[in-house]
């Protein structure tokens with residue numbers, strides 16, 4: 001479905017971006033990735049809902065392990081034994 005009619009991007013594009021993120025993104029980061037900017041703002045609540053659905057409102061263990069790619073491997077093993 002089209003999430004943003006001003007910039008014409010879909011929920012598939014949004015979900016793809018969120019799935020590859022290592023941390024919760026800000027709205028501006030999502031728009032930057034999709035090569036657009038906020039215009040009328042009507043899509044903001046839909047974007048937030050999809051973000052919340054994908055993260056269950058918080059960062060879970062799988063997301064935390066993906067975030068380890070930003071750390072040194074040795075530090076990751078200490079954090080997640």
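Numbering (full-length UniProt numbering), first residue to last: 1 to 81.
For glycine and all other residues, C-beta sits at the position ideal for the given N, C-alpha and C.
1) Since I believe residue 25 is in contact with residue 34 (beta carbons under 8 Å), could you give me their beta-carbon distance rounded to a whole number of angstroms?
2) Are the beta-carbon atoms belonging to residue 9 and residue 36 less than 8 Å from one another?
3) Mind checking who residue 2 pairs with in its DSSP beta bridge?
4) Taking only the alpha-carbon atoms, compute the straight-line gap between residue 38 and residue 6 and give it to the nearest angstrom.
5) Between residue 50 and the rest of its own chain, which residues show a CB-CB distance below 8 Å, the 5 nearest in sequence each way excluded?
In short, the structure shows the following:
1) That belief does not hold up - the Cβ atoms of residue 34 and residue 25 are roughly 11 Å apart, past 8 Å.
2) A distance below 8 Å separates the beta carbons of residue 9 and residue 36.
3) Under DSSP, residue 2 forms a beta bridge with 10.
4) Using only the alpha carbons, I get a separation of about 8 Å.
5) Cβ neighbours of residue 50 beyond the five flanking positions: 3, 11, 14, 15 and 18.
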